[in-house]
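Chains as they are written, first to last, in our numbering: chain F, 205 to 526; chain C, 187 to 450.
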């Protein structure tokens, strides 16, 4: 850790979770550290142990082994202190559909001890009313506060859940595949709001997802498969580390082109073009060797998706090989 | 979290149950009249008119007191077990990740379930009056004195069932029915049980509702000529059994529920 790095808010050492009647652990020797204010994504295929990990970190599931500290508190001894300092958006919505949006917020605020419970919105303290109205305005649900949540769209429900989870100003906001079932516009607005919260309030955001484009927006990505951490890093680092960077080339005089590239690994790539890896070098250095006029020049910039598929595919192949 | 905050959470959980009850008031109202009409008005009324002619007490009144005791506990039990049913909607998650003690959560559910149970029991009074059961102020005041015990027992039974069947809303629904009917028939709520013997006597003694019904009848009939003949046990026996059973069910149910939530 560098000297100026914020202190860690999530520290996980050797975390193991083995469900009853299961022959393999859902989470296997997981280590991770998340620093304050970071936006991290736990990325992995179905059954990778993402939700299990999140359930343990949010105190709703017991671990089998390992050490976990969240917001500076030990999970084994201070679960209640942790709960007071985290916000959670569950995979399945946890709103009471029979209550209005405001009643859901009031219930949450009272449960977390932010405000004393009163039977109506008008009787709640002014600070509560102001907070609710400000948040509702921000998300554009001001006019729907008194409507039953069952009439809300999926996007509105998710927004409401986010507003609710932030009411007690948590240090860490956990989101378990929060955009599942949302349309692209709702997803986009949800992410921009979360980014805003992270920036303005310094909230650490911990996201589990299997959507690569969501992970791409994170500060750091932890890739997991079959309960194990495969790798971690910024999306940029992961792309460079895992996926191949290469040029796709062609020329009228292909034989001369191959001679120009002598000493390099040249294979056949997409569309029958010549594929030349440039790991550890720059494309410019490679291009400088070429003397023939090129008919095709494509620089392949790896995406996180490719890195992810490469890594998870490798893991599956290794498992299959025993 | 301070005691004040815990108390606030208990009130919020209870208030939510009442809000939900109010939201579905039409269905709830219709349902709350079904039991008193079926069991008190029709079943109790027919037995009273056709089979209970020689009894030294008014059978409808007898059944009314017993059913009120029993059903008050049953309604509260059913309301508390919604904690498990709410797992399906994911709402239980929101409650269980809050910085509130598990005992406060369960206490909130019992308080809310009890308040709802009290509202749901009022149709019994309406039906009893409509079918001609004598309702004196002494009888009603006796019922009210024992009401907290009914709510406590019902809440504790609900907590225990929620703990045992924490992960299965369907199973808890079935368990409620399996607990409800034996309690109603074997506790003496409708049918007198003072002359039970053999297996039935054992079962009667095993039903927690037996002691509740007995205590409520003792309170309701005190100072009347049928006070003695209708009494099964000394009031202190009923009192001790109810408190002990409720405390045991509450603690065991809460620990089971919290542990089943987290130990999967």
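Think of the CB as a built atom: it goes at the ideal place given N, C-alpha and C, for glycine as much as any other residue.
Three or more Cβ pairs drawn from the region 287 to 306 of chain F and the region 372 to 381 of chain F lie within less than 8 Å of each other, which places the two stretches in contact.
Around the beta-carbon of residue 504 of chain F, 16 or more other beta-carbon atoms lie within 10 Å, marking it buried. When C-beta distances to chain C are compared with 7 Å, the residues of the region 257 to 274 of chain F below that value are 262, 263, 264, 265, 266, in chain order.
Counting along the chain, the unbroken alpha helix (DSSP H) around residue 349 of chain C starts and ends at 323 to 350. Spatial neighbours of residue 361 of chain C in its own chain (CB-CB distance under 6 Å, excluding positions within 5 residues in sequence) are listed in chain order as 347, 351.
Under the Cβ criterion of 7 Å, residue 244 of chain C is not counted among the residues facing chain F. The beta carbon of residue 230 of chain F sits no closer than 7 Å to any beta carbon of chain C. Within the same chain, Cβ atoms closer than 6 Å to the Cβ of residue 455 of chain F are found at 461, 496, 498, 499, the five residues on either side in sequence being excluded.
In this structure the region 347 to 367 of chain F touches the region 387 to 395 of chain F; the number of beta carbon pairs closer than 8 Å is three or more.
Taking a beta-carbon distance threshold of 7 Å, residue 234 of chain F does not count as an interface residue toward chain C. Contact check for residue 464 of chain F against residue 494 of chain F passes: the beta carbons are separated by less than 7 Å.
Every beta strand (DSSP E) stretch that sits fully inside the region 225 to 286 of chain F and reaches 3 residues is listed by chain position as 231 to 239, 243 to 247, 269 to 274. Apart from the 5 residues on each side of it in sequence, residue 346 of chain F sits with its Cβ closer than 8 Å to the Cβ of 337, 340 in its chain, given in chain order.
Chain-ordered listing is empty here: chain C has no CB closer than 8 Å to the CB of residue 366 of chain F, the nearest sitting near 13 Å. Going by beta carbons, residue 276 of chain F and residue 219 of chain F fall outside the 7 Å limit.
Between the region 256 to 268 of chain F and the region 226 to 234 of chain F there are three or more inter-stretch CB-CB distances shorter than 8 Å, so the stretches are counted as touching. Using a Cβ distance threshold of 7 Å, residue 244 of chain C and residue 320 of chain C count as a contacting pair. Assignment of residue 218 of chain F by DSSP, reduced to helix, strand and coil, places it in the strand class.
Assignment of residue 439 of chain F by DSSP, reduced to helix, strand and coil, places it in the helix class. Below 8 Å, enough C-beta pairs join the region 385 to 402 of chain C and the region 252 to 270 of chain C to call them touching: three or more. The residues 423, 424, 425, in chain order, have a CB closer than 8 Å to that of residue 438 of chain F in the same chain once the five nearest residues on each side in sequence are set aside. Within the same chain, Cβ atoms closer than 7 Å to the Cβ of residue 474 of chain F are found at 452, the five residues on either side in sequence being excluded. Residue 518 of chain F and residue 226 of chain F have their alpha carbons spaced roughly 24 Å apart.
Within chain C, the residues 194 have their CB atoms less than 7 Å from the CB of residue 320 of chain F, given in chain order. Spanning the alpha carbons of residue 440 of chain C and residue 353 of chain F requires a straight line of approximately 30 Å. Chain-order list of chain C residues neighbouring residue 329 of chain F: empty, with the shortest C-beta distance near 12 Å, by a criterion of under 9 Å.
Contact annotation, residue 321 of chain F with residue 332 of chain F: C-beta distance approximately 10 Å; criterion of less than 8 Å not satisfied.
Look at residue 379 of chain C here: in three-state DSSP terms it is coil, with no helix or strand label. Leaving aside the five residues that flank residue 299 of chain F on each side, the residues in its chain whose CB is nearer than 7 Å to its CB run, in chain order, 308, 353, 361, 364, 365.
Rounded to the nearest whole angstrom, the CA to CA distance from residue 295 of chain C to residue 209 of chain C is 17 Å. For residue 314 of chain F, the nearest beta carbon of chain C is closer than 7 Å to its own beta carbon. Residue 376 of chain C sits close to residue 249 of chain C, with the two beta carbons spaced by under 7 Å.
Membership of residue 450 of chain F in any alpha helix (DSSP H) is not indicated; the residue belongs instead to the beta strand (DSSP E) covering 450 to 455. Residue 286 of chain C sits away from residue 344 of chain C, with the two beta carbons spaced by 7 Å or more. Identification of chain F residues near residue 198 of chain C by a Cβ-Cβ cut-off of 7 Å yields 311, 314, 315, 321, ordered along the chain.
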